[in-house]
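Chains as they are written, first to last, in our numbering: chain A, 1 to 112; chain B, 1001 to 1113. Okay, so here's the structure we're looking at.
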């Protein structure tokens, strides 16, 4: 399984875009990049996932570099409620039991 | 549509006592999971199930047992609780089929004294 590297913490001003990087230099060609977040004391929440193309949904955008060795999760207009730990997870396709492997993540603090 | 619910929300046990944590989902998901999260750490998978009547070990299964008698329920048992099992326990469910999109419950805070 590809390993991921994320900065332990980041700050962002409220209303600005939050750009959270993730390095996955050993990713295989068929592995997906998933992002989850965990707001304090709550269960993790699925945000978005992608394979090669950039993806966007109502929560965020995911930008994956052409060589797929890194990606960036973008929260376009961060609010105080986006303060959370963000996890970047790389997983292979197919039936692996759907198991997630969580690392340490990035603790994002959105400040007024 | 309640999603994933967990019972109880909080529990304090003495060393050696037993208990069962209940997870229920109403999304008709095939896959269910139990994770634990210790302070300042990421989640670790304890056991999981890919369908009714099936279970499998995750990353940290020792000291726990599970059962999936009904598709919508996944039970986590501690037969003889130890202080090292003090943690927050999260249940999750997912449709499977190659997807890693999981829906998590609110967690159970367990303290073993």
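The C-beta atom is built at its ideal place from N, Cα and C for all residues, glycine as well.
Residue i, DSSP secondary structure in three states
| i | result |
| --- | --- |
| residue 1085(B) | helix |
| residue 11(A) | strand |
| residue 100(A) | coil |
| residue 1068(B) | coil |
| residue 51(A) | coil |
| residue 1108(B) | strand |
From the options, residue whose alpha carbon lies closest to that of residue i
| i | options | result |
| --- | --- | --- |
| residue 89(A) | 82(A), 79(A), 69(A) | 69(A) |
| residue 1019(B) | 1093(B), 1072(B), 1035(B), 1063(B) | 1063(B) |
| residue 65(A) | 78(A), 45(A), 50(A) | 50(A) |
| residue 112(A) | 25(A), 82(A), 46(A), 14(A) | 14(A) |
| residue 1079(B) | 1091(B), 1012(B), 1065(B) | 1065(B) |
| residue 1039(B) | 1014(B), 1084(B), 1002(B) | 1084(B) |
| residue 1072(B) | 1017(B), 1110(B), 1023(B) | 1023(B) |
| residue 1050(B) | 1067(B), 1030(B), 1113(B), 1081(B) | 1030(B) |
| residue 59(A) | 47(A), 39(A), 105(A) | 47(A) |
| residue 19(A) | 30(A), 36(A), 63(A), 33(A) | 63(A) |
| residue 30(A) | 67(A), 7(A), 5(A) | 67(A) |
Residues bridged to residue i [DSSP beta-bridge criterion]
| i | result |
| --- | --- |
| residue 18(A) | 75(A) |
| residue 63(A) | 72(A) |
| residue 85(A) | 38(A), 107(A) |
| residue 1004(B) | 1025(B) |
| residue 1097(B) | Paired residues: none, contrary to the question. |
| residue 1037(B) | 1043(B), 1088(B) |
| residue 1078(B) | 1019(B) |
| residue 1057(B) | 1047(B) |
| residue 5(A) | 23(A) |
| residue 56(A) | 61(A) |
| residue 80(A) | Answer is none; residue 80(A) lacks a bridge partner. |
Cβ-based burial, residue i [other Cβ within 10 Å; buried from 16]
| i | result |
| --- | --- |
| residue 1097(B) | exposed |
| residue 1107(B) | buried |
| residue 102(A) | buried |
| residue 1046(B) | buried |
| residue 1012(B) | exposed |
| residue 16(A) | exposed |
| residue 81(A) | exposed |
| residue 1002(B) | exposed |
| residue 1014(B) | exposed |
| residue 1041(B) | exposed |
| residue 27(A) | buried |
| residue 83(A) | buried |
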